[in-house]
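K.L.:
The structure follows.
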Amino acid sequence: MKLEIKTASPKEIPLIRQLCFSIWPQTYASIISQEQIDYMLELMYSEEALLKQMTEEANQFIIVYDNHIPVGFASYGKSETTTWKLHKIYILPTQQGKGTGKFVIDYIISSITMMGATSLQLQVNRHNNAKTFYERIGFSILKTADFDIGNGYFMNDYVMEKKI
């Protein structure tokens with residue numbers, strides 16, 4: 032396994048979408064309805080939505096490669112003075128459990144620490160097995176929250192934080 036991370040720009044939006052559609056539906060199939068999956072994919076992962084996140088919202092997108100093959104992506108951005116938010120991290124199921132997610136989080140923490148960050152926060156669905164992974168690498172639950180995303184749908188999440 033030879034992991035590397037590259038910064039993504041708008042030209043990588045098709046690759047991010049390809050990864051997303053390979054990861055997202057099976058991650059959430061047992062948690063939320065297919066209708067909500069379709070709605071959220073359009074809301075957050077359309078080409079327009081991703082471009083807006085990269086440009087107007089100034090979120091940093093990265094792609095992780097294993098032996099030059101893209102196996103996942105993440106995005107993060109500043110949310111408060113010294114608090115940053117991990118907006119997305121998705122790793123192909125075949126790559127999970129191999130240290131790839133931890134490699135990505137370590138990279139992000141290293142990057143934001145140089146910019147004065149003291150904590151990294153994220154949201155994770157309360158029924159997503161990734162919660163255990165986050166706890167194992169030092170995140171703890173700050174609160175339970177329900178986020179209205181429109182169309183009658185909610186994200187039922189834990190807000191988690193890791194002090195750095």
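Numbering of the sequence shown is given in the working numbering, commencing with residue 32 and proceeding in unit increments. We put the beta carbon where it would ideally sit given N, CA and C, even for glycine. Every value quoted in this text rests on a predicted model; they were computed, and no experiment measured them.
(1) Alpha carbon to alpha carbon, how far is residue 34 from residue 128?
(2) My guess is that residue 153 and residue 116 are in contact by the Cβ rule of under 8 Å, so how many angstroms apart are they, rounded?
(3) Output yes or no for whether 9 Å exceeds the beta carbon distance between residue 63 and residue 75.
(4) Alpha helix (DSSP H) containing residue 50: first to last residue?
(5) Rounded to whole angstroms, what's the CA-CA distance from residue 50 to residue 100? Just pull it up for me.
(6) Considering residue 191, what are the terminal residues of the beta strand (DSSP E) in which it resides?
(7) Mark residue 140 as exposed unless 16 or more other C-beta atoms lie within 10 angstroms of its C-beta, in which case mark it buried.
(8) Taking the alpha-carbon positions, what's the residue 41 to residue 122 distance?
(9) Write down every uninterrupted run of the alpha helix (DSSP H) in the segment 55 to 100 whose length is 4 residues or greater and which is fully enclosed by it, in chain order.
(10) Looking only at its chain, what residues have a beta carbon closer than 6 Å to the beta carbon of residue 84, apart from the 5 residues adjacent to it on each side?
(11) Contact criterion: CB-CB distance below 9 Å. Does residue 181 meet it with respect to chain D?
(12) Cutting at 6 Å between CB atoms, please list the residues of its own chain near residue 30, excluding the five before and the five after it.
P.N.:
In terms of the structure at hand:
(1) Translated into the one-based positions of the sequence shown, residue 34 becomes position 3. Translated into the one-based positions of the sequence shown, residue 128 becomes position 97. Near 14 Å, if we compare the C-alpha coordinates of residue 128 and residue 34.
(2) Against the sequence shown, residue 153 aligns to sequence position 122. Against the sequence shown, residue 116 aligns to sequence position 85. Their Cβ separation, rounded to whole angstroms, is 7 Å, which keeps residue 153 and residue 116 in contact under 8 Å.
(3) Here residue 63 corresponds to residue number 32 of the sequence shown, with the count starting at 1. Here residue 75 corresponds to residue number 44 of the sequence shown, with the count starting at 1. Taking 9 Å as the Cβ cut-off, residue 63 and residue 75 do not qualify as a contacting pair.
(4) Position 19 of the sequence shown, counted from the start, is the residue given in the question as residue 50. First-last of the alpha helix (DSSP H) with residue 50: 44 to 59.
(5) On the sequence shown, position 19 is the one that residue 50 refers to. On the sequence shown, position 69 is the one that residue 100 refers to. When rounded, the distance between both Cα atoms is 11 Å.
(6) On the sequence shown, residue 191 is found 160 positions in, with the first residue counted as 1. For residue 191, the uninterrupted beta strand (DSSP E) run begins and ends at 184 to 194, by DSSP.
(7) One-based indexing of the sequence shown puts residue 140 at position 109. Buried is the call here.
(8) Taking the sequence shown and counting its residues from 1, one reaches residue 41 at position 10. Taking the sequence shown and counting its residues from 1, one reaches residue 122 at position 91. Whole-angstrom Cα-Cα distance: 20 Å.
(9) If we require 4 residues or more, the alpha helix (DSSP H) runs fully inside the segment 55 to 100 come out as 65 to 76 and 78 to 85.
(10) The sequence position of residue 84 within the sequence shown is 53, counting from 1. 90.
(11) Considering every chain present, this structure includes no chain D. It has just one protein chain.
(12) With the chain running from 32 to 195 in the structure shown, residue 30 is simply not present.
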